[in-house]
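**Q** Residue 238 is where the sequence shown starts when you use the numbering used here, and the numbers rise one by one after that. Just dropping this structure here.
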Amino acid sequence: MEVQVDAEKCIGIGNCEMLEPEVFLLNDDTGVASTVGTRLLSLERAEKVVAGCPSGSLSIRAAK
Numbered sequence: 238m239e240v241q242v243d244a245e246k247c248i249g250i251g252n253c254e255m256l257e258p259e260v261f262l263l264n265d266d267t268g269v270a271s272t273v274g275t276r277l278l279s280l281e282r283a284e285k286v287v288a289g290c291p292s293g294s295l296s297i298r299a300a301k
């Protein structure tokens with residue numbers, strides 16, 4: 238599964254980076270998370286990181 242960040246909704250809490258540091262990076266200047274490297278996660282891991290986002294800025298879609 239692929240996880241995407243909606244930068245307009247992100248409030249910079251950083252739960253995504255704490256849970257999946259190889260996938261997410263919180264920009265210190267903007268306070269917004271982005272994806273780095275691979276965005277592919279198992280469904281279980283993707284659901285966990287999406288559920289941990291308090292702003293609802295993460296979404297899951299099937300990998301291409």
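C-beta atoms are modelled at their ideal positions from N, C-alpha and C, and glycine is treated no differently. Note that the structure is predicted; figures quoted are calculated from it, not measured.
1. Do Leu263 and Val286 have their C-beta atoms closer together than 7 Å?
2. Under the DSSP definition of a beta bridge, which residues are partnered with Arg298?
3. CA-CA distance, Val269 and Glu239?
4. According to the neighbour-count rule (16 or more other Cβ atoms, all chains shown, within 10 Å of its Cβ), is Ser294 buried or exposed?
5. Curious, which full-length alpha helix (DSSP H) runs of at least 4 residues does the segment 251-298 contain?
**A** This is what the structure holds:
1. no
2. Glu239
3. 18 Å
4. buried
5. 252-256 and 280-288
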